[in-house]
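Per our numbering, residue 76 is the first one in the sequence shown, and the count goes up by one each step.
Backbone N, C-alpha and C fix where the C-beta goes; we use that ideal spot for every residue, glycine too.
Keep in mind that this is a model prediction, so the values were computed, not measured.
Below is one structure, written out as structure tokens, with a few remarks after it.
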Amino acid sequence: MSSCKSVYEPREDSTMLETWVKKHTFGKVLDMGTGSGIQAIAAAHKQNVSFVLAADAQKGVIGYCKKNIKNRKIKFVQSDLFKNIKGKFDTIVFNPPYLPQELKLKDLTIEGGKRGYEVIERFLDDVNNFLNPNGVILMVFSSLTKKEKVEESVKNNLLEFEELEKQHVFFEDIYVYLLRKREFLRRLENRGIVNVKYLAKGHRGLLFTGLYKSKKIAIKTKNPQSTAVGRIENEAKWLERLNKLGIGPKLLIQDKGYLAYEYIDGDFIIDYLKKSNNSKIKKTIKNIFNQLFNLDKLKIDKEEMHHPLKHIIISKNKPYLIDFERVRHSQNPKNVTQFCQFLMSWHLINILDKKNIKIDKSRLMMLAKIYKNSPTQSNFKKIAGII
Numbered sequence: 076m077s078s079c080k081s082v083y084e085p086r087e088d089s090t091m092l093e094t095w096v097k098k099h100t101f102g103k104v105l106d107m108g109t110g111s112g113i114q115a116i117a118a119a120h121k122q123n124v125s126f127v128l129a130a131d132a133q134k135g136v137i138g139y140c141k142k143n144i145k146n147r148k149i150k151f152v153q154s155d156l157f158k159n160i161k162g163k164f165d166t167i168v169f170n171p172p173y174l175p176q177e178l179k180l181k182d183l184t185i186e187g188g189k190r191g192y193e194v195i196e197r198f199l200d201d202v203n204n205f206l207n208p209n210g211v212i213l214m215v216f217s218s219l220t221k222k223e224k225v226e227e228s229v230k231n232n233l234l235e236f237e238e239l240e241k242q243h244v245f246f247e248d249i250y251v252y253l254l255r256k257r258e259f260l261r262r263l264e265n266r267g268i269v270n271v272k273y274l275a276k277g278h279r280g281l282l283f284t285g286l287y288k289s290k291k292i293a294i295k296t297k298n299p300q301s302t303a304v305g306r307i308e309n310e311a312k313w314l315e316r317l318n319k320l321g322i323g324p325k326l327l328i329q330d331k332g333y334l335a336y337e338y339i340d341g342d343f344i345i346d347y348l349k350k351s352n353n354s355k356i357k358k359t360i361k362n363i364f365n366q367l368f369n370l371d372k373l374k375i376d377k378e379e380m381h382h383p384l385k386h387i388i389i390s391k392n393k394p395y396l397i398d399f400e401r402v403r404h405s406q407n408p409k410n411v412t413q414f415c416q417f418l419m420s421w422h423l424i425n426i427l428d429k430k431n432i433k434i435d436k437s438r439l440m441m442l443a444k445i446y447k448n449s450p451t452q453s454n455f456k457k458i459a460g461i462i
């Protein structure tokens, strides 16, 4: 090979990956981080490969490959990961830089970020937008990258993995993984939902974001670790009903095992209270009380309103109740009284006091007890009027 300081010379990881490239690549192939071009060449030699796009972030690498590799199937492009990539591929090959910067090697071709896995995370966060539904990803990485972090990122991006090979080389283990889109992700994409990203994990559900008809949405599915049954279906049922009352984010899709609703871009209630002013806070709290009173009148118990830290999001000064997994009919719903408990907590009293909003805890407690025994409009107005 001609001398070129910017080109990653093939090492053990490259030759390991090359073995599996010869077995698994097909169709249109993207060779990400092509380096010496070893993977692009291996793929191009296969009869079932129609085209190979070899990409690398370094201009010198692309210049070297264009000069030294002549194959009608292969085209080269300079691109920092997917920045200059267009279209979808059947196979994506990735030999990333994966060594932690703490090793102080100062080599872009092998350093994958401060902890070693950052470049891989960036790749996995975008790869689904460039992979065909039944496509595969071939990726190599090291135990120095923190295998558990790589697998966490794989799962968060709704991919499944198979370990094809593991070799111990000097001070590290090198792995070759084959990745595919999970069936759940393929179902979402089939419904027109794209750019699916992991957002959060709850006790009973997993939350993702995505784009649907060019608008950002939230997608909830069951947490595999949860033993709860029927929570997603319950939430979809209640959200559909409550939307008619102007409660909750708008339900968009209800399908087997998941639901999707409009994404509410805002602040959880504590953050909102800390950053907002007196008049906006008072208006928002009254709005929340009105929604909860409507639920009480309909004998619907949302639950968890005594600690609604992640159950209320305020967007543009409009409060939205979220998370309806545990909603149920009840002869004695506690929505209003539970929220009173929340407002009477010392933490809330201190936050509101800084906004010059004084809560008479004794009086609110008395009014809540009266309302509990007689949940009338008149008794509710007395509670709402204390703010």
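For E223, is the classification buried or exposed, using 16 other Cβ atoms within 10 angstroms of its Cβ as the cut-off for buried? Indexing the sequence shown from 1 puts residue 223 at position 148. Exposed is the call here.
Report yes if the CB atom of I434 is closer than 8 Å to the CB atom of I424, and no otherwise. Position 359 of the sequence shown, counting from 1, holds the residue named residue 434. Position 349 of the sequence shown, counting from 1, holds the residue named residue 424. A contact, by the Cβ cut-off of 8 Å.
By alpha-carbon positions, which one of I397, K444, I432, E193 ends up nearest to W313? Position 238 of the sequence shown, counted from the start, is the residue given in the question as residue 313. The option with the nearest alpha carbon to W313 is I397.
Which ranges does the alpha helix (DSSP H) cover as unbroken runs of at least 4 residues, wholly within the stretch 245–300, from first to last along the chain? Along the stretch 245–300, the alpha helix (DSSP H) occurs as fully enclosed runs of 4 or more residues at 258–265, listed in sequence order.
Short Cβ contact (8 Å threshold) for V194 with P172: Residue numbering aside, residue 194 sits at position 119 when the sequence shown is read from its first letter. Residue numbering aside, residue 172 sits at position 97 when the sequence shown is read from its first letter. Cβ distance < 8 Å, so V194 and P172 count as in contact.
Can you tell me where the beta strand (DSSP E) holding K44 begins and where it ends? Outside the displayed range of the chain (76 to 462) lies residue 44, so it cannot be described from this structure.
For K372, which residues in the same chain have their Cβ closer than 7 Å to its Cβ, ignoring the five residues on either side in sequence? Taking the sequence shown and counting its residues from 1, one reaches residue 372 at position 297. Residues of the same chain with a CB within less than 7 Å of the CB of K372, apart from the 5 flanking positions on each side, do not exist.
Relative to the alpha-carbon of Y347, which residue among Y338, Y336, T359, E337 has its alpha-carbon at the smallest distance? On the sequence shown, position 272 is the one that residue 347 refers to. Per the Cα distances, T359.
With DSSP collapsed to three states, give me the class of E87. The residue given as residue 87 occupies position 12 in the sequence shown. In this structure, E87 counts as helix in the three-state DSSP scheme.
Contacting residues, own chain, Cβ-Cβ under 7 Å from N353 (five flanking each side not counted): Sequence index remark: in the sequence shown, residue 353 carries index 278 (1-based). Around N353: K430, N431, I432.
Quick one, which of Y273, I268, L199 has its alpha-carbon nearest F464's? Examination of residue 464 is not possible in this model, given that the chain is present from 76 through 462 alone.
For N298 and G321, which I take to be in contact (beta-carbon distance under 8 Å), what is that distance rounded to the nearest angstrom? Position 223 of the sequence shown, counted from the first residue, corresponds to residue 298. Position 246 of the sequence shown, counted from the first residue, corresponds to residue 321. About 29 Å; that fails the 8 Å criterion.
Which residue wins for smallest C-alpha separation from L281, given the options S289, R266, R262, S301? Against the sequence shown, residue 281 aligns to sequence position 206. Distances from the CA of L281 to each of S289, R266, R262, S301 were compared; the closest alpha carbon is that of S301.
Given 8 Å, three or more beta-carbon pairs between the stretch 227–237 and the stretch 252–261: Result yes; three or more Cβ-Cβ pairs closer than 8 Å.
For E315, which residues in the same chain have their Cβ closer than 8 Å to its Cβ, ignoring the five residues on either side in sequence? Here residue 315 corresponds to residue number 240 of the sequence shown, with the count starting at 1. Once the five neighbours on either side are set aside, the close Cβ partners of E315 are L326, Q329.
To the nearest angstrom, how far is it from the Cα of G135 to the Cα of T166? Here the question's residue 135 lines up with position 60 in the sequence shown. Here the question's residue 166 lines up with position 91 in the sequence shown. Cα to Cα, the separation comes out at about 25 Å.
Cβ pair E238, L219 closer than 8 Å: Residue 238 sits at position 163 when you count from the first residue of the sequence shown. Residue 219 sits at position 144 when you count from the first residue of the sequence shown. For E238 and L219, no; Cβs fall outside 8 Å.
Suppose the cutoff is 6 Å on Cβ atoms and the five residues either side in sequence are ignored; what does the same chain contact list for D88 look like? Position 13 of the sequence shown holds residue 88. Excluding positions up to five away in sequence, the list reads V215, I249.
In chain order, which continuous runs of the beta strand (DSSP E) of length 3 or greater are located wholly inside the stretch 292–355? Whole beta strand (DSSP E) segments, 3+ residues: 326–330, 333–337.
Does DSSP classify D165 as helix, strand or coil? Taking the sequence shown and counting its residues from 1, one reaches residue 165 at position 90. Collapsing the DSSP output to three states places D165 in a strand.
My output table needs one value for R147: the three-state DSSP class, helix, strand or coil. The count along the sequence shown starts at 1 and reaches residue 147 at position 72. Three-state DSSP puts R147 in coil, outside helix and strand.
So if DSSP puts Y395 in a beta bridge, which residue, or which two residues, is it bridged to? As a working note, residue 395 is residue 320 in the sequence shown. Paired residues: I388.
Limits of the beta strand (DSSP E) - the one that N129 falls within: The residue you call residue 129 lines up with position 54 of the sequence shown. Contrary to the premise, residue 129 reads as Ala rather than Asn in this sequence. Judged by DSSP secondary structure, A129 falls within the beta strand (DSSP E) whose first and last residues are 124–131.
If I follow the unbroken beta strand (DSSP E) through F216, where does it start and stop? Position 141 of the sequence shown, counted from the start, is the residue given in the question as residue 216. Residues 206–217.
By Cβ distance below 6 Å, which residues in the same chain neighbour K163 in space, the five residues on each side in sequence not counted? Residue 163 sits at position 88 when you count from the first residue of the sequence shown. Counting only residues of its own chain and dropping the five nearest sequence neighbours on each side, K163 has a CB closer than 6 Å to the CB of F205, N207.
To the nearest angstrom, report how far apart K148 and A117 are at their CA atoms. Walking along the sequence shown from the start, residue 148 turns up at place 73. Walking along the sequence shown from the start, residue 117 turns up at place 42. Approximately 11 Å, taken between the alpha carbons.
Which listed residue (D376, V104, Q413, N407) has its alpha carbon closest to that of M440: What you label residue 440 is simply residue 365 of the sequence shown in a count that begins at 1. Comparing Cα-Cα distances from M440 to each of D376, V104, Q413, N407, the minimum goes to Q413.
Straight-line gap, E379 to N265 (C-alpha atoms, nearest Å): The count along the sequence shown starts at 1 and reaches residue 379 at position 304. The count along the sequence shown starts at 1 and reaches residue 265 at position 190. When rounded, the distance between both Cα atoms is 35 Å.
Write down every uninterrupted run of the alpha helix (DSSP H) in the stretch 358–446 whose length is 4 residues or greater and which is fully enclosed by it, in chain order. Every alpha helix (DSSP H) stretch that sits fully inside the stretch 358–446 and reaches 4 residues is listed by chain position as 410–418, 421–429.
How would you label Q520, buried or exposed, when you count the other beta carbons within 10 angstroms and need 16 or more for buried? A question about residue 520 goes unanswered here, because the residues of the chain that appear run from 76 up to 462.
Suppose the cutoff is 8 Å on Cβ atoms and the five residues either side in sequence are ignored; what does the same chain contact list for L274 look like? Position 199 of the sequence shown, counted from the first residue, corresponds to residue 274. Spatial neighbours of L274 in its own chain (CB-CB distance under 8 Å, excluding positions within 5 residues in sequence) are listed in chain order as L282, F283, T284, A293.
At what residues does the alpha helix (DSSP H) containing L156 begin and finish? Locating residue 156 in the sequence shown gives position 81, where the first residue counts as 1. Note, L156: premise wrong, no alpha helix (DSSP H); not H, not E.
Of all the options E226, V127, C140, which has the alpha carbon lying nearest to the alpha carbon of K161? Position 86 of the sequence shown, counted from the first residue, corresponds to residue 161. The shortest Cα separation from K161 among E226, V127, C140 belongs to V127.
Between which two residues does the alpha helix (DSSP H) containing N454 stretch? Translated into the one-based positions of the sequence shown, residue 454 becomes position 379. Going by DSSP, N454 is part of the alpha helix (DSSP H) stretching over 452–459.
Alpha-carbon to alpha-carbon, T94 and G112: Working through the sequence shown from its first residue, we reach residue 112 at position 37. Working through the sequence shown from its first residue, we reach residue 94 at position 19. Within the model, the alpha-carbon separation for G112 versus T94 is close to 14 Å.
Would you identify the three-state DSSP class for H243, choosing helix, strand or coil? Sequence index remark: in the sequence shown, residue 243 carries index 168 (1-based). Note: H243 maps to strand in three-state DSSP.
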